[in-house]
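Asker: Before anything else, here's the structure in question.
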Amino acid sequence: MKLEKLKKEFPKLFDKNFYFECDNGWFELIKLVCVGMNNYKKNFKILKFVQIKEKFGLLRIYIKSEYNNINHNFDKNNLDNIQNFIYSIEEISSIVCEKCGQIKTDKRNVGIKIVHGWWKKTLCGKCHRRIQKCF
Ligand SMILES: [Zn+2]
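Here the sequence shown is numbered in the numbering used here, starting from -5 and rising by one per residue.
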């Protein structure tokens, strides 16, 4: 994945036990979250990604945070803003092909037949056909 690029650009945003699993198509979405988190980072003692992965066909991003404890309401507002921003990006992933990044609404949460059942993915028609041929 292009993840290594992001780790180089934003080294302080990734927890040492960071877990990652998704395809390159969501790279730009993840990069947006990195930029957003980086802008807010100075307001926190800790603000890091713990997990970024695909779950039930959608991007899922988990963070951990610790307030600066200067002003509780201010800190809480900052965290709410980041969390809402992450939710929006996760929502957008439902119309972006996880493989190639193309914006497609016709194959939302499509079922991929795999060897032992089904796997939910968000894919464009082209990537869907390509992956389906592998099974
Ligand atoms: Zn695609």
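Every residue, glycine too, gets a C-beta built ideally from N, C-alpha and C.
For residue 53, write down the residues that DSSP places opposite it in a beta bridge.
Answerer: 48
Asker: Should residue 66 go down as buried or exposed, given a rule of 16 or more other Cβ atoms within 10 Å for buried?
Answerer: exposed
Asker: Within 10 angstroms of its Cβ, does residue 88 collect 16 or more other Cβ (buried), or is it exposed?
Answerer: exposed
Asker: Going along the chain, which residues of its own chain have a beta-carbon closer than 8 Å to the beta-carbon of residue 72, five neighbours each way excluded?
Answerer: 34, 37, 38
Asker: Using a threshold of 7 Å, state whether the C-beta atoms of residue -4 and residue 21 are closer than that.
Answerer: Going by C-beta atoms, residue -4 is nearer than 7 Å to residue 21.
Asker: Quick check on the burial criterion: 16 or more other C-beta atoms within 10 angstroms. Buried or exposed for residue 60?
Answerer: exposed
Asker: What separation, rounded to the nearest whole angstrom, lies between the Cα atoms of residue 92 and residue 121?
Answerer: As the crow flies, the alpha-carbon of residue 92 is around 9 Å from that of residue 121.
Asker: Less than 7 Å between the beta carbons of residue 79 and residue 30, yes or no?
Answerer: It is a contact, given that the beta carbons lie within the stated cut-off.
Asker: With DSSP run on the structure shown, which of helix, strand or coil describes residue 74?
Answerer: helix
Asker: May I ask you to report which of helix, strand or coil DSSP gives residue 17?
Answerer: Here residue 17 sits in coil by DSSP.
Asker: For residue 50, count the other beta carbons within 10 Å of its own beta carbon; 16 or more makes it buried, fewer makes it exposed. Which is it?
Answerer: Exposed, because fewer than 16 other Cβ atoms sit within 10 Å of the Cβ of residue 50.
Asker: For a quick check, are the C-beta atoms of residue 46 and residue 55 less than 7 Å apart?
Answerer: yes
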